[in-house]
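In the numbering used here, the protein residues as written are 7 to 295. Note that the Cβ used here is the ideal one computed from N, Cα and C, for glycine as well. Below: the structure, in structure tokens.
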């Protein structure tokens, strides 16, 4: 079994720094590669309506500088390269920037009282520890999944409980070329911010119908259950994406027990069957947790 890791939002990243979801996506990629299992990178092309394999040289330099060790050496196999068409023009790899550490929390840099500065330093250390723990949790889960798949020898059929109500199921696009280079029993892991990509949800549904296991992450349901906090256009797009994730995934990841309970409650309210949900917590800051 091979894990195809969706880096669509990373491949299109234009900011000079990563934000929350993108940092989690990079950290989990590093953790998966450290587990030693086969991992390939894919991106979704909205014009072609399908996934294409890429390698790390096609990611922006802002992203590449956060890849460690083997993760930076993830490459596209020859048969996958053959599946790449002219729809994705070749990009000249930019030189990798040096990772100079800016000491933001050195003495005298922060404004405010010494107490405020120390509280900010402490909060930043907790955030870094939580990010590391998330990577470890994902890596531990993926490692167990890989071992279980090797023992089983093949993918079993999805449980009957994964059948979704017609109201929540998106219509899968037909065609064998959406993820042509993947084999039945492979896995598509998509945890990025893809809710605004036209055709992405339908393509994932097609991939799943062709025997590829789909694992996606819902960080929280705030945009859906608290629509007053966002503009209507964003609430509509994210809610449609949430429904697709719940109905077209073999497993859903989330970041807390509270979010898991909210997902289960939302499924019951909408009449959906609850998919298997795995919690990978952001709040575990203790090394032995």
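Secondary structure of residue i, DSSP reduced to three states
i: residue 278; result: coil
i: residue 43; result: coil
i: residue 264; result: helix
i: residue 287; result: coil
i: residue 189; result: coil
i: residue 11; result: strand
i: residue 64; result: helix
i: residue 218; result: coil
i: residue 59; result: strand
i: residue 248; result: helix
i: residue 29; result: helix
i: residue 70; result: helix
i: residue 22; result: coil
i: residue 236; result: coil
i: residue 184; result: coil
i: residue 227; result: coil
i: residue 35; result: helix
Exposed unless 16 or more other CB atoms sit within 10 angstroms - verdict on residue i
i: residue 21; result: exposed
i: residue 271; result: exposed
i: residue 59; result: buried
i: residue 264; result: exposed
i: residue 67; result: exposed
i: residue 165; result: Any reading at residue 165 is ruled out, since the residue's pLDDT is 39, under 50, leaving its predicted position unreliable.
i: residue 188; result: buried
Rounded Cβ spacing between residue i and residue j (contact assumed at less than 8 angstroms)
i: residue 223; j: residue 197; result: 4 angstroms
i: residue 257; j: residue 229; result: Not a contact, Cβ separation roughly 21 angstroms.
i: residue 218; j: residue 185; result: 6 angstroms
i: residue 35; j: residue 65; result: Actually they do not touch by this definition, with Cβ atoms about 10 angstroms apart.
i: residue 254; j: residue 221; result: Actually they are not in contact, since the Cβ atoms of residue 254 and residue 221 sit about 11 angstroms apart, beyond 8 angstroms.
i: residue 45; j: residue 38; result: 5 angstroms
Distance CB(residue i)-CB(residue j) smaller than 7 angstroms
i: residue 235; j: residue 201; result: no
i: residue 286; j: residue 269; result: no
i: residue 9; j: residue 259; result: no
i: residue 25; j: residue 50; result: no
i: residue 250; j: residue 204; result: no
i: residue 48; j: residue 57; result: yes
Check: residue i C-beta below 6 angstroms from any heavy atom of the ligand SAM
i: residue 267; result: Ligands in the displayed structure: none, and consequently the ligand SAM is not present.
Minimum Cβ-Cβ distance from residue i to chain C less than 7 angstroms
i: residue 194; result: Looking for chain C here will not work: only one protein chain is present.
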